[in-house]
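**Q** So the protein lines, in turn, are chains R and Y. Here the first sequence stands for residues 1 to 904, where the numbers follow the UniProt record's numbering. Here the second sequence stands for residues 1 to 357, where the numbers follow the UniProt record's numbering. Even for Gly, the Cβ is constructed at its ideal location relative to N, Cα and C.
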Amino acid sequence: MATTDSLIFGLPTGLLVSSAEDPGDVPETTFGPSLLLVEPLSSAQDVLDSMMDYDATEPSQSTDGISNLGSGLRRVHLTPETTTTRSAEADDVFVSTGLLSQTGSSDATFPQGTYDSNISQSQDLPDVSDLLRPYAANASTSSGAASFSTNIIRGTSFDGGNVFLKRKSRRQAQMPAMVSGIMVDHAAMLSCTPGKSTVDSASGATNFSKLLDVPIHRLLDQLSLEAATRIAREDSHRVDVTRHPQPGPSTDTSLWVDRYRPKRFTDLLGDDRVHREVMSWVKEWDHCVFGRRQGRKRPRGEEGENLDEWRRPKEKLLLLSGPPGLGKTTLAHIVAQHAGYSVFEINASDARSAQVVEERLKPALESGSTVGSKKPTLVVIDEIDGATGGTDNSSGFIQKLIQLTYDKPRKKGKKADPKAPRPLLRPIICICNDLFASSLTKLRVHTRVVRFSRPNDIQLVRRLREICETEGLKAESRALTTLVGVAQGDLRGCLNTLQMFKAHGREVTEPVVRTATAGMKETEASYMSVLQDLFSPMARKRVKDLGLNEEEEARYVDRLSHAIEGSGAMDKIAQGCFEHYANLHRHDANFSRYLKAEEWLTVYDVMAGEMRSEREYALMQYLPYMLVPFYPLFQERGGPKIERPKADWENYQATKTNEEIYQSLARCLRSAATRHCGDYRHLASDQILQLELAPLLNRIISPPLKPVNRQIIRPGEKAVLSRLVDLMVALELRFFQEKMEDGQLTYRLDPPVDVFVTYDGKRAADIAVSKYAVRHLVAAEIDARLASLQADNIEKSKPNKSNFFKRRTHLDEANEEDVDNINGKLVSAGSQPDFVANKRTRIDKGDITDKVAVDFFGRPILPSAGPAKQPSTVKPENQNHVSYRFNEGNSAAVRKPIKVGSFL
Amino acid sequence: MSLWVDKHRPRVLDDLHYHAGLSARLRALAASGDFPHMLFYGPSGAGKKTRIACTLRELFGKGAEKLKIDQRVFMTPARRKLDVNVVQSNYHIEITPSEVGNYDRVVIQELLKEIAQTQQVDLSAKQRFKVVIINEADSLSRDAQAALRRTMEKYMSNMRIILCTNSTSKLIAPIKSRCLLVRVAAPTTEEMIDVLRHVGRKEGFDVPDKIAHEITEDANGNMRKAVLVLEALKMQSTDLDKPLTIAKPDWETYCHKVGDMIIQEQSPARVMEVRAKLYELLSHCIPPTIVLKTIAERVVQQVDESLKAEIMHWAAIYEVRMRIGNKKIYHLEAWVVKVMSLYKHLFYDINMTDFDD
């Protein structure tokens with residue numbers, strides 16, 4: 001039965017499988033491979049192919065297939081007679097497809113499979129649904145399968161013959177669409193050779209009449225031959241119908257850039273690896289976004305390795321970078337579309353602040369899909385290098401974005417807290433031109449970076465030629481090559497230029513291209529390439545690309561000044577010139593060129609300085625000319641490579657660090673001034689600090705002490721030591737113990753004022769570097785002094801403040817005038833507070849001894865020295881008594897339990 | 001414990017060691033009851049601030065020495081916060097507006113108005129006015145100076161201003177004409193030696209003549225520096241009778257080294273070496289004008305008589321440009337290249353300009 005069927009239908013099916021699934025019915029047939037023949041060259045058909053396993057069944061009630069077929073043939077045969085116009089022909093064909101699919105959504109289901117011409121046809125024929133109505137009604141009522149006729153679908157085979165298909169009840173919903181896919185293809189095949197179609201269908205009809213006469217292999221041959229010739233013809237015309245949905249409408253006002261924007265993955269120009277890299281990154285999200293299903297369908301070897309607990313790729317962001325016009329945005333959109341996402345785009349036209357992340361991005365990501373679409377969202381952030389805020393402040397856009405990738409989800413068991421951050425579960429693609437823009441420094445680390453490079457020139461030229469032909473624009477291939485060369489691979493720029501030619505009605509010839517592209521792209525150069533241009537003559541290739549003659553090549557002022565101005569980084573270029581010119585080989589015996597170069601640089605700087613301080617930005621236009629003279633002075637072929645200027649930055653960093661040390665020293669001086677009634681304050685001003693105090697202070701605090709036990713220090717040295725300790729305590733200079741990399745202990749001065757006597761990494765020769773032991777000694781002394789000071793303060797703080805104050809300042813007499821009459825009296829006794837104070841000092845002492853013992857492992861002498869000395873400094877404290885002063889009218893009294901005995 | 005500079009700083013006019021005539025005049029002014037606005041000017045380390053402090057003491061008595069140092073926060077119109085260190089007593093206030101750079105106008109306006117509009121509260125005060133001391137007045141911006149001039153007249157009853165500056169050239173004429181100008185000249189060598197001896201005596205040692213002379217010569221009229229050097233020497237070696245070398249500040253030594261390098265060799269490689277040294281100096285926050293001046297002085301000492309004038313001439317030119325421009329290093333190096341070129345021309349004793357293309 002199956003074989004007869006195939007013969008009856010005249011279908012070139014290699015295998016017709018009869019299925020025993022439905023024994024009550026007539027066996028179902030499958031004719032999948034037939035379409036392979038129709039579309040042998042389109043790789044995209046594979047997808048379609050896999051879906052082709054629908055059932056084609058002969059109507060169950062007709063025992064005689066031939067009669068049925070006959071009627072079908074008759075029908076086809078009749079059509080051309082009644083309607084001779086092409087549209088009618090198409091109409092007929094379309095009816096048969098429409099019957100099955102009733103739809104414009106077929107392209108959504110088969111994005112790759114449909115010939116785009118079909119779309120145009122459906123647009124041409126908007127009233128198709130009217131034609132379909134009877135059939136559609138028929139199909140829609142067929143759910144119950146009450147009568148055989150509703151269960152049978154009639155279609156037209158690729159040759160125009162009718163096919164009867166039995167619906168498989170299980171797949172009722174899907175099948176029509178699928179079948180329509182085939183039919184659409186057939187229709188397209190017919191329509192793309194419009195001249196021949198009538199003949200085809202007619203001959204097809206005649207062929208069909210003696211269908212049984214022709215052996216199947218001949219039919220197969222014939223079909224493949226037909227397909228081959230058609231493709232050959234298309235190729236020779238170079239009319240790329242597949243890519244360009246609207247060929248030829250010259251009245252169309254849309255930009256060519258939009259019209260010829262690639263619509264699918266295979267159309268993309270450029271490095272395939274880059275495209276695939278992006279695609280695979282997006283695919284890595286499948287597991288997270290679509291769940292298990294997708295993952296099984298495409299099992300990858302390393303799955304799970306790169307993924308985290310939510311099955312996300314390790315880098316949650318993708319950063320596409322590259323020069324403009326290469327199709328980064330298009331790639332992002334196409335990949336997203338292919339992978340089944342709907343795109344949510346933020347670009348430079350939107351506000352991009354940290355708020356946007358909160359208000360727009362997060363909702364978009366969390367809702368999972370945009371409104372009106374069932375697909376999950378993929379966020380594309382275009383032109384991210386222009387995002388505001390930068391990375392330095394924590395509330396910037398980019399900072400927020402990075403933070404987004406780190407947000408953890410709620411814990412499973414916990415109650416839903418709407419405020420808690422949720423994890424990022426959708427892919428984000430960022431697009432930028434300059435990968436090394438300062439605003440992206442932080443972002444780069446967290447992203448997978450994909451860099452775009454200029455596509456192959458040949459590829460570009462071929463694409464341009466195709467487009468020119470489609471548009472009916474005459475173009476010399478030399479001219480196109482030139483255009484691509486001048487544009488440096490910017491396809492968008494090329495297309496715009498071409499469209500301009502077309503609009504002006506000009507032909508694309510080389511001179512036209514030259515004049516039109518004068519100045520094109522000159523403004524895009526980075527400052528490094530401008531520097532390169534300044535110090536080396538133009539590359540031969542570039543000269544050729546621009547088609548300059550000798551004289552034009554020799555003219556440099558205009559070219560370079562434009563380039564410098566265009567780079568937008570004049571200061572950096574000036575810095576680069578400054579750092580590079582002395583590295584060049586050219587001999588300059590009397591420094592004449594150096595002099596000139598310096599003269600230009602200083603003039604540049606003076607002018608730039610004046611411009612900034614006086615806000616005279618009109619001067620800006622003259623600045624580039626100050627740097628151009630470096631070209632005639634220093635240009636040489638094959639000179640040393642220019643490096644990114646960095647000395648200035650390093651100097652800046654070092655200056656900043658040192659400035660901070662100065663500032664902390666100034667702070668120390670000021671706080672010392674408060675304690676010493678303004679003594680140090682005059683030294684804290686900048687110039688004095690830098691020029692006089694800093695170097696001399698270093699000498700003052702590093703006397704040549706001998707590292708000996710403090711008990712056997714000579715009295716002279718002892719005085720020096722005690723003075724040193726006094727000064728260091730007053731200025732809040734400290735020695736801190738630190739461990740070096742090799743495990744050795746050192747004492748570091750803090751704040752590190754010794755940098756001011758250190759030039760080129762060497763300390764001044766006349767200052768002895770104090771040894772570890774000396775510093776240890778000093779540090780211990782400082783600690784002891786501080787402890788005793790602290791004890792003093794505690795002792796004297798509350799009860800006897802005025803007294804204390806008087807002694808601390810040098811204003812004994814002055815105070816007596818100012819201070820109020822002392823109404824209280826001093827009372828002494830071995831009272832409680834005194835005891836407490838003593839106790840506290842003792843605790844302090846204990847601390848010191850402990851510390852010293854720990855610090856000083858190798859030398860057991862000193863720890864004993866520390867506490868041995870201590871009691872003498874602390875002893876006088878015992879003689880201090882509780883004092884009490886009564887201030888009349890003062891309510892700020894402190895209540896304290898004191899025994900009466902202490903007042904007696 | 002203070003450094004000797006502060007410890008032995010005279011606190012009353014009578015204690016001042018030199019410029020006795022000036023002291024007498026200040027005393028007279030303070031006693032007159034008609035104290036004017038004043039402008040103290042003179043080289044660094046001559047004793048301007050010491051004299052100001054003494055004058056205050058003379059005006060207000062000991063209360064003027066009870067100082068309080070704190071930080072005040074000012075707001076710019078653009079809501080930027082400025083921190084200014086303010087030293088004040090009951091009778092005066094001392095500020096350094098150059099701390100805040102271009103925003104000094106804000107500080108001057110707000111602070112002065114605030115002080116000017118409050119009357120002296122202390123009824124027992126000797127004077128009815130308060131004194132505002134403005135340090136480093138030469139770095140006041142033009143706006144700030146303009147803000148000052150009207151205030152000085154308007155609030156004369158409540159406030160006197162004492163400006164303290166190294167040179168009057170940067171002050172606008174209206175300010176100068178509103179003040180009594182007091183020049184504090186640098187002390188002579190003898191005066192400085194006197195002071196050093198006084199310090200030594202107070203600290204309990206004798207300053208040998210030789211050392212005193214050397215220090216004075218090195219300090220070049222800067223009393224503060226002289227005392228600091230003396231203290232450094234004393235700390236470094238307790239015995240001052242031994243032969244000692246006076247330590248120069250390190251940046252100065254380094255500048256001299258750069259000067260020597262320029263004289264030794266003139267080549268592109270040397271230009272780069274000098275540049276590295278210049279960067280090192282700048283990163284130590286040594287003001288570029290000082291760097292240029294010090295190197296130029298060193299170079300001039302070593303070159304032929306005929307070149308001296310020219311080298312200094314160019315140093316001056318490049319210093320002016322440097323003040324206008326932003327990148328100090330360009331101008332420093334431009335000068336270095338200029339000197340190298342000049343020196344080379346002289347050395348080979350031929351006019352090489354003919355070889356220029």
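Under a three-way DSSP split, which group does Asp304(Y) fall into?
**A** coil
**Q** Please list the partners that Leu727(R) has in chain Y, where partner means a Cβ-to-Cβ separation under 8 Å.
**A** By Cβ distance, chain Y contributes Met1 and Leu3.
**Q** For a test of the three-state rule: what should DSSP assign to Pro897(R), helix, strand or coil?
**A** coil
**Q** Using only alpha-carbon positions, find the residue among Ile52(Y), Asp34(Y), Ser32(Y) and Ala31(Y) that is nearest to Tyr41(Y).
**A** Ile52(Y)
**Q** Please list, in chain order, all residues of the same chain as Phe501(R) whose beta carbon is under 8 Å from its beta carbon, the five residues on each side excluded.
**A** Leu473, Glu507, Val508, Val512 and Ala516
**Q** Take residue 362(Y) and list the residues in its own chain whose beta-carbon comes closer than 7 Å to its own, dropping the five residues that flank it on each side.
**A** Coverage of chain Y is limited to positions 1 through 357, which leaves residue 362(Y) absent and any answer about it impossible.
**Q** In this structure, what does DSSP give as the bridge partners for Val450(R)?
**A** Partner(s): Leu320(R).
**Q** Which partner residues does Thr377(R) have in the DSSP bridge list?
**A** Ser342(R)
**Q** Starting from the Cα of Pro427(R), find the closest Cα among Val274(R), Gln653(R), Asp457(R) and Ala339(R) and give me that residue.
**A** Ala339(R)
**Q** Please name the residue in Tyr18(Y), Asp14(Y) and Leu39(Y) whose C-alpha comes closest to that of Arg27(Y).
**A** Asp14(Y)
**Q** For Ala334(Y) versus Glu610(R), is the C-beta distance shorter than 8 Å?
**A** no
**Q** Can you tell me whether DSSP reads Cys468(R) as helix, strand or coil?
**A** Here DSSP, grouped into helix, strand and coil, assigns Cys468(R) to helix.
**Q** When the Cβ atoms of the stretch 777-794 of chain R are set against those of the stretch 269-282 of chain Y, are three or more pairs found closer than 8 Å?
**A** By the Cβ test, the stretch 777-794 of chain R is not in contact with the stretch 269-282 of chain Y, since fewer than three Cβ pairs between them sit closer than 8 Å.
**Q** If you reduce the DSSP assignment to three classes, tell me which class Ala768(R) lands in.
**A** coil
**Q** Look at the Cβ atom of Gln145(Y), then the Cβ atom of Phe60(Y), and state whether they are nearer than 8 Å.
**A** Judged by their CB atoms, Gln145(Y) and Phe60(Y) are not nearer to each other than the 8 Å cut-off.
**Q** Does the separation of the CB atoms of Val357(R) and Leu401(R) fall below 8 Å?
**A** yes
**Q** Spatial neighbours of Thr481(R) within its chain, please: C-beta separation below 6 Å, excluding the five flanking residues on both sides.
**A** Val461
**Q** Go ahead and pull the three-state DSSP assignment for Met740(R).
**A** coil
**Q** Identify whether Pro715(R) lies in helix, strand or coil by the three-state DSSP scheme.
**A** helix
**Q** Note down the Cα distance separating Ile713(R) from Leu733(R), rounded to an integer number of angstroms.
**A** 23 Å
**Q** Ala765(R) to Lys771(R), Cα distance in whole Å?
**A** 15 Å
**Q** Look at the alpha carbon of Val195(Y) and the alpha carbon of Pro36(Y), and state the distance between them as a whole number of angstroms.
**A** 30 Å
**Q** Does the separation of the CB atoms of Val530(R) and Ala487(R) fall below 8 Å?
**A** no
**Q** Mind checking which residues open and close the alpha helix (DSSP H) that includes Asn658(R)?
**A** Ala647 to Arg675
**Q** Run the CB neighbour count on Lys762(R), radius 10 Å, all protein chains shown included, and call it buried at 16 or more, exposed below.
**A** exposed
**Q** Grab the span of the beta strand (DSSP E) containing Met159(Y) for me, first residue to last.
**A** Met159 to Thr165
**Q** Compare the C-beta of Ser342(R) against all C-beta atoms of chain Y and say whether one is closer than 8 Å.
**A** no
**Q** Compare the C-beta of Phe805(R) against all C-beta atoms of chain Y and say whether one is closer than 8 Å.
**A** Interpretation of Phe805(R) is limited by its pLDDT of 47, a score under 50 that renders its predicted location unreliable; no figure is taken from the coordinates.
**Q** Chain R partners of Tyr254(Y), CB-CB under 7 Å?
**A** Near Tyr254(Y) (Cβ distances below 7 Å), the residues of chain R are Tyr759.
**Q** Apart from the five residues on each side of it in sequence, which residues of its chain come closer than 7 Å, Cβ to Cβ, to Leu693(R)?
**A** Around Leu693(R): Leu683.
**Q** Just grab the DSSP bridge partners of Val132(Y) for me.
**A** Ile93(Y) and Ile161(Y)
**Q** Please tell me whether Gly322(R) and Ser453(R) are closer than 8 Å, where the distance is taken between their beta carbons.
**A** yes
**Q** What's the C-alpha gap between Arg11(Y) and Arg224(Y)?
**A** Answer to the nearest angstrom: the Cα atoms are 15 Å apart.
**Q** Just the Cα atoms here: how many angstroms apart are Ser664(R) and Val606(R)?
**A** 33 Å
**Q** Measure the Cβ-Cβ separation of Gly716(R) and Thr238(Y) and say whether it is below 8 Å.
**A** yes
**Q** In whole angstroms, what is the alpha-carbon distance linking Glu114(Y) and Ile108(Y)?
**A** 10 Å
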